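Student: For the record, the sequence lines run as chains C and S. So the first sequence is numbered by this note's numbering: it starts at 1 and just counts up by one. So the second sequence is numbered by this note's numbering: it starts at 156 and just counts up by one. C-beta atoms are modelled at their ideal positions from N, C-alpha and C, and glycine is treated no differently. Predicted, not measured: the structure shown is a model, and the values here were computed from it. My questions will all concern the structure given below.
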Amino acid sequence: MIKAVQKLITWSRLKSPWIIHFNTGACNACDIEIVAALTPTYDLERFGVQLKGTPRHADVLLCSGPVTRQIKDRLVRIYEQLPEPKFVVAVGTCACSGGVFEGCYNMLSGIDEAIPVNAYIPGCPASPDAIIDGITKLLKSFEESEAKKLTKAGG
Amino acid sequence: MLLALLSILIFPGFLFLFILALAAEYIDRKLYARMQTRVGPPWFQPFADFIKLLSKELIIPELADRVIFRTLPLVACAAAATAFLFIPVYNAESIFSFKGNIVAVIYILTIPTLTYFLGGWYSRSLYSLIGSMRVLTQLFSYEVPLLMAVLAPGVLASSWTFSTVINFYQANGFLFLVNIISFVVAIIAVQGKLEKVPFDIPEAETEIVAGTFTEYTGPLYAYFRLAMNIQTISVSALLAAVFMPFGYNLGFVLGVIVFLLKILFIIVILAVIRTIFARIRMDQMVMLCWKYLTPLALFQIFLNIILKAVITQ
C-alpha cells in the first residue's frame, strides 16, 4: 500500500515539474533561449512544465550565468525558499563552470560553488532543444534513483 | 441519513465535484493550448499536479498566523463545494432546497474569494498583500453586476428559488432567451470571479509574482487550486440552472448528460475569452464593471419587470 502511494507520488513528480527561472549574472543569451523553450513552438506544457513566478510553487530552479558575488546571497535565499524536493539546473557554459568569466575577481565559477546542482546543460548559449533534453534527463535520473530507493526498501 | 451522507460525499457531492473540477481544468488548459496551436497537457495533468503539490514540503512563513494560514484553503474548498449542493443537477429540485436559494448560493460563492483575500493578508508578504487588495477591489466591481444578472431571470418568474424559476421557464418554452443580456453580463463577471485573463489582475505573475498565493506552498496551494476549480464548476452550474433552464425533467441519465453539456458549453466560452484577451489594468476592470456591465444588468431587470406586466395582463 505504502509502496503504491510512493510510486504514485514519484509518478506525479515526474509528470509535473514546475520551473522558475533565475538569472545569476548571465549575458542574457541563455535567458532568451530558456524563454524560447517555453514558447508554443516547443510547447513544454506537453510534459507538464509550467513557468511559475514564485519559488514557493516551483520544483526546478533554472539558473543561467556565472554567479556574481553580488547575487550569491540572493541565489542561496531563493534556493532555500523552494520547498522540497527541489532540483537545480545550470543552463549554459557559464553556469556550469564559469565559462569566459572563470577566475574573474567578482565572479564565482559556476552555480555549484553556491548551491548543489542536479543537472548541467552546456552550450553558449544552450539551445532550447538542449534545455528540454537536459530536463528530461534530469527527470529520468530522478525516476531511476527513486526506483532504486523503493527496491532497497522492499528487499 | 445515509442517503444524505452519500449525496454529500459521492453524488452530486464531493467525489463527483472533484472529478468534474479536475476535468474542467484539463478542458480549459487543453483548449487554451489548441487555440495557440500547441499540443497541450495530457489528460492526467491536473491530477498529477494535485498529487505532486500534496506531496511537497509545507513551508509556513515565520510572521504568518499559523492557524488561519492553514485553515483558509480548506475553508475555500468547503465553501465552493457547499455552494454546489444547493444547485440543481438533473432535476429541478436540488438536494438541499429552501426558499430563495439562488441568493444563498451567490453569497456562499463569495466566501472563497474572501479566503483568497485573507490568505494573502495573513501571509505577511508584500506581493501577497498587493494581490489581496486587488482581490477585494475586483470583488467589489464584479459582484454587483453578477448579483443583478443572476437575479434578473428570477424577477420574471417572481421567485428566487431554483425549482420555481426552472419550472416557470420550462412551462414557457423559449422564454428564457430574453435573459441573453444578463447571461453575457454574468459570463464576463464570472471571468472576473474566477480570476482568469483578462481579469487575472490579483495573481498577475508578471507584476506581483503570484499575487495572493505567493507564500502558499505544497498541500495548501493544492487546496486553493482545487477550490478555484470547484468554484468554476459551481459557478457554471449556477449559470446553467438560471440561464439555461431546460432539460431538467428528462430523468437521471439524460438529465446528467444535459447538465454536463451545459457546463462544458460555459467552460468553453470561458476558455475562449481567456485565449483572445490580454490582461487589463485594475482601473479598466473597475470602469468596465461599473460603467457598462451594471447598467446592462439593470436594463435586463427593467426589461423583465415590463415583460412580467405584459405577460400577467
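1. Closer than 8 Å, CB to CB, is I78/C near chain S or not?
2. Is the beta carbon of G134/C sitting closer than 8 Å to the one on I121/C?
3. Which runs of the beta strand (DSSP E), 3 residues or longer, sit entirely within the stretch 207–292 of chain S?
4. Terminal residues of the continuous alpha helix (DSSP H) containing C63/C?
5. Within the chosen definition, does the stretch 295–303 of chain S reach the stretch 343–351 of chain S through at least 3 CB pairs nearer than 8 Å?
6. Taking the alpha-carbon of V67/C as reference, which of S12/C, G53/C, F101/C and E146/C has the nearest alpha-carbon?
7. Please list, in chain order, the chain C residues whose beta carbon lies closer than 8 Å to that of T192/S.
8. Could you tell me if S313/S is buried or exposed, where buried requires 16 or more neighbouring beta carbons within 10 angstroms of its beta carbon?
9. Return the CA-CA distance between C104/C and V76/C, expressed in angstroms with no decimal places.
10. Could you work out which residue in T449/S, S162/S and L462/S is closest to L240/S when comparing CA atoms only?
11. According to DSSP, simplified to helix, strand and coil, what is Y371/S?
12. Does the beta carbon of R74/C sit closer than 8 Å to a beta carbon anywhere in chain S?
13. Would you report the Cα separation of N246/S and N404/S, rounded to the nearest angstrom?
14. To which residues does DSSP link F405/S through a beta bridge?
15. Going by DSSP, name the residue or residues bridged to M107/C.
16. Grouping DSSP H, G and I as helix and E and B as strand, with all else coil, what is I121/C?
17. If we call anything under 8 Å between Cβ atoms a contact, is I285/S one with V260/S?
18. Nearest-angstrom Cα distance between G123/C and I34/C?
19. Report the partner residues of V89/C according to the DSSP bridge assignment.
20. Using DSSP bridges, identify the partner residues of H21/C.
21. Less than 8 Å between the C-beta atoms of A396/S and F317/S, yes or no?
22. The alpha helix (DSSP H) that contains D163/C, what's its start and end?
23. Since A452/S and A238/S are thought to touch, with beta carbons under 8 Å apart, how far apart are those beta carbons, to the nearest angstrom?
24. Is it a yes or a no for the stretch 3–12 of chain C touching the stretch 83–92 of chain C, going by three-plus beta-carbon pairs under 8 Å?
25. According to the Cβ coordinates, are T367/S and I422/S closer than 8 Å?
26. Compare the C-beta of P83/C with all C-beta atoms of chain S and state if any pair is closer than 8 Å.
27. Start and end of the alpha helix (DSSP H) containing I356/S?
28. Whether or not the stretch 355–370 of chain S and the stretch 271–290 of chain S are in contact is what I'm after, with contact meaning three or more pairs of Cβ atoms, one per stretch, closer than 8 Å; do they touch?
29. What is the C-beta distance between I336/S and Q455/S, in whole angstroms, given that I count them as a contact (C-beta under 8 Å)?
30. Using a 10 Å radius around the Cβ and a threshold of 16 neighbouring Cβ atoms, would you call A326/S buried or exposed?
31. Classify R189/S as buried or exposed, calling it buried when 16 or more other Cβ atoms lie within 10 Å of its own Cβ.
32. Which of the three DSSP states is assigned to L294/S in this structure?
33. Whole-angstrom Cβ separation of P216/S and E370/S, contact assumed at under 8 Å?
34. Return yes when the Cβ of F22/C is within less than 8 Å of the Cβ of L62/C, no when it is not.
35. Classify Q81/C as helix, strand or coil using the three-state DSSP reduction.
36. My output table needs one value for Q50/C: the three-state DSSP class, helix, strand or coil.
Tutor: The answer reads as follows:
1. Not a single CB atom of chain S sits nearer than 8 Å to the CB of I78/C.
2. Yes, the Cβ-Cβ distance between G134/C and I121/C is below 8 Å.
3. Here no run is fully enclosed.
4. For C63/C, no alpha helix (DSSP H) segment is defined; the enclosing uninterrupted segment is the beta strand (DSSP E) at V60 to S64.
5. In short, these stretches touch, since the Cβ pair count reaches three.
6. Ranking S12/C, G53/C, F101/C and E146/C by Cα distance to V67/C puts F101/C first.
7. Identification of chain C residues near T192/S by a Cβ-Cβ cut-off of 8 Å yields P40, ordered along the chain.
8. Using a 10 angstroms sphere on the CB of S313/S, the tally of other CB atoms stays under 16, which defines it as exposed.
9. Using only the alpha carbons, I get a separation of about 20 Å.
10. That would be S162/S, whose Cα lies nearest to the Cα of L240/S.
11. DSSP places Y371/S in the coil class of the three-state scheme, outside both helix and strand.
12. Not closer than 8 Å to any Cβ of chain S, the Cβ of R74/C fails to qualify, so no.
13. If I take the Cα positions, the gap works out to 6 Å.
14. The sequence given here has Leu at residue 405/S, not Phe. Beta bridge pairing from DSSP links L405/S with no other residue.
15. Note: M107/C sits in a beta bridge opposite T68/C.
16. Here I121/C sits in strand by DSSP.
17. V260/S is positioned such that its CB atom lies no closer than 8 Å to that of I285/S.
18. Between the alpha carbons of G123/C and I34/C lies a gap of roughly 12 Å.
19. Paired residues: L62/C and A119/C.
20. In the DSSP output, where bridge partners are listed per residue, H21/C has L62/C.
21. For A396/S and F317/S, yes; Cβs fall inside 8 Å.
22. The question about residue 163/C has no answer here: the residues shown for chain C are numbered 1 through 155.
23. Going by Cβ atoms, the distance from A452/S to A238/S rounds to 21 Å, so no, they are not a contact pair.
24. The answer is no - the stretch 83–92 of chain C does not touch the stretch 3–12 of chain C, with fewer than three Cβ pairs under 8 Å.
25. Against a cut-off of 8 Å, the Cβ pair of I422/S and T367/S comes out as no contact.
26. Answer yes: the Cβ-Cβ gap between P83/C and chain S drops below 8 Å somewhere.
27. Per DSSP, I356/S belongs to no alpha helix (DSSP H) and is neither H nor E.
28. Touching, yes, given that three or more Cβ pairs across the two stretches are closer than 8 Å.
29. Confirmed, Cβ separation roughly 5 Å.
30. Flag for A326/S reads exposed.
31. Its Cβ having fewer than 16 others within 10 Å, R189/S is exposed.
32. L294/S falls in the helix class under three-state DSSP.
33. Their Cβ separation, rounded to whole angstroms, is 5 Å, which keeps P216/S and E370/S in contact under 8 Å.
34. Yes; because the gap between Cβ atoms is below 8 Å, this pair is in contact.
35. Q81/C falls in the helix class under three-state DSSP.
36. In the three-state DSSP reduction, Q50/C falls in the strand class (E or B).
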